[in-house]
Amino acid sequence: MHYIYLLASISIMAALTLAVIRVVRGPTLFDRVLAGNAVGTLSILLLVIIGFLFKRPDWADIGLAYALLNIIATLAVLKYFRYGDLACDPCEKELSS
Amino acid sequence: MNNIFGWDMLCLAVDFASGIFIVIGAFFALVGAIGVVRMPDVFTRMHAASVLETAGSFFLLLGLVLQSSSILMAVKLVFIMVLFMITAPVASYAIAQAALGNGEKPELNDADCENFLPTPPFHGGVKTRLKQEGVE
Chain A
721 MHYIYLLASI SIMAALTLAV IRVVRGPTLF DRVLAGNAVG TLSILLLVII GFLFKRPDWA
781 DIGLAYALLN IIATLAVLKY FRYGDLACDP CEKELSS
Chain B
-17 MNNIFGWDML CLAVDFASGI FIVIGAFFAL VGAIGVVRMP DVFTRMHAAS VLETAGSFFL
43 LLGLVLQSSS ILMAVKLVFI MVLFMITAPV ASYAIAQAAL GNGEKPELND ADCENFLPTP
103 PFHGGVKTRL KQEGVE
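Chains A and B, in that order, give the protein sequences.
Using this note's numbering, you'd call the opening residue of the first sequence number 721 and step up by one each time.
Using this note's numbering, you'd call the opening residue of the second sequence number -17 and step up by one each time.
Written out as structure tokens, the structure is:
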């Protein structure tokens, strides 16, 4: 199983490199947000795999917390760039405009 | 292999299945990342990233669940899996709606397909709102 963990972690690191390339090169903001979300997901998977590789699988707790933070960060960035304000209520603003 | 229907055979079968699942998950993660780099458009890149976040993480964490030594660790990994299954479509939906609201158009082969794009009024973004108010 050791070699399978190594194979999976190496391919996930290659995928992380490709996603970081898209973050740097992305023409629009939404490409960057999308690739940043993918980087978060891949880093959680890499963390869990390396925890199993080093026989300390308790690192999955950190992965769980980081998954929660990842979705909150993505939604916050998207809401800020869509409404220009993090504290606005979209439904109320839609009715008033 | 003296007891072929016993514990050794079961452990071997579980190792084999989890190895196959981990390799499939790593393959999907790599393919999704290649798609994120090579696709031409925000919306098609979103398709590739969805493959990465649902199929890749599902198979990889399923293989790790079969390898975990305690019930608690298996339950934590299943929690991460369920969390990805819920949050990845939500993030894709939010990205698509924000991109459409800020005036991103998908690349189309046929000009007639423009009629099928969603038109405002959906929740407009900052740019469309500024245009409506005459600022820009």
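Heads up, the beta-carbon is just placed ideally off N, CA and C, and yes, glycines get one too.
Quick caveat: nothing in here was measured; it's all calculated off a predicted structure.
8 Å Cβ cutoff, residue 721/A in contact with chain B: Residue 721/A sits at position 1 when you count from the first residue of the first sequence. At least one CB atom of chain B sits nearer than 8 Å to the CB of residue 721/A.
Cβ-Cβ distance between residue 728/A and residue 4/B below 8 Å: In the first sequence, residue 728/A corresponds to position 8, counting from 1. In the second sequence, residue 4/B corresponds to position 22, counting from 1. Yes, they are a contact pair.
Where residue 744/A falls, given that 16 or more other Cβ within 10 Å makes a residue buried: Looking up residue 744/A in the first sequence gives position 24. Exposed is the label assigned to residue 744/A, since fewer than 16 other Cβ atoms lie within 10 Å of its Cβ.
Of the residues 53/B, 58/B, 28/B and -7/B, the one placed nearest residue 779/A, counting alpha carbons only: Walking along the first sequence from the start, residue 779/A turns up at place 59. Distances from the CA of residue 779/A to each of 53/B, 58/B, 28/B and -7/B were compared; the closest alpha carbon is that of 58/B.
Residue 62/B versus 2/B, 39/B, 72/B and 33/B, residue with shortest Cα-Cα distance: What you label residue 62/B is simply residue 80 of the second sequence in a count that begins at 1. Of 2/B, 39/B, 72/B and 33/B, the residue nearest in Cα terms is 39/B.
Residue 735/A beta carbon less than 8 Å from that of residue 15/B: Stepping through the second sequence from its first residue, residue 15/B is reached at position 33. Stepping through the first sequence from its first residue, residue 735/A is reached at position 15. Yes, the pair counts as a contact, with Cβ atoms nearer than the cut-off.
C-beta neighbour in chain A for residue 26/B, strict 8 Å: Along the second sequence, read from residue 1 onward, the residue named residue 26/B stands at position 44. Chain A contact via Cβ: absent.
Beta-carbon gap between residue 78/B and residue 35/B smaller than 8 Å: Taking the first residue of the second sequence as position 1, residue 78/B is located at position 96. Taking the first residue of the second sequence as position 1, residue 35/B is located at position 53. At the C-beta level, residue 78/B and residue 35/B stay beyond 8 Å of one another.
Beta carbon of residue 41/B nearer than 8 Å to that of residue 1/B: Mapped onto the second sequence, residue 41/B falls at position 59. Mapped onto the second sequence, residue 1/B falls at position 19. Using a Cβ distance threshold of 8 Å, residue 41/B and residue 1/B do not count as a contacting pair.
Selection from 731/A, 760/A and 755/A that minimises the alpha carbon distance to residue 782/A: The residue given as residue 782/A occupies position 62 in the first sequence. Looking at 731/A, 760/A and 755/A, the one whose alpha-carbon comes closest to that of residue 782/A is 760/A.
Three-state class that DSSP yields for residue 35/B in the structure shown: Indexing the second sequence from 1 puts residue 35/B at position 53. In this structure, residue 35/B counts as helix in the three-state DSSP scheme.
Per-residue DSSP class, three states only, for residue 58/B: To locate residue 58/B, count along the second sequence from 1; it is residue 76. Helix.
Residue burial classification, residue 755/A (beta-carbon count within 10 angstroms, cutoff 16): Walking along the first sequence from the start, residue 755/A turns up at place 35. Residue 755/A is buried by the Cβ-count criterion.
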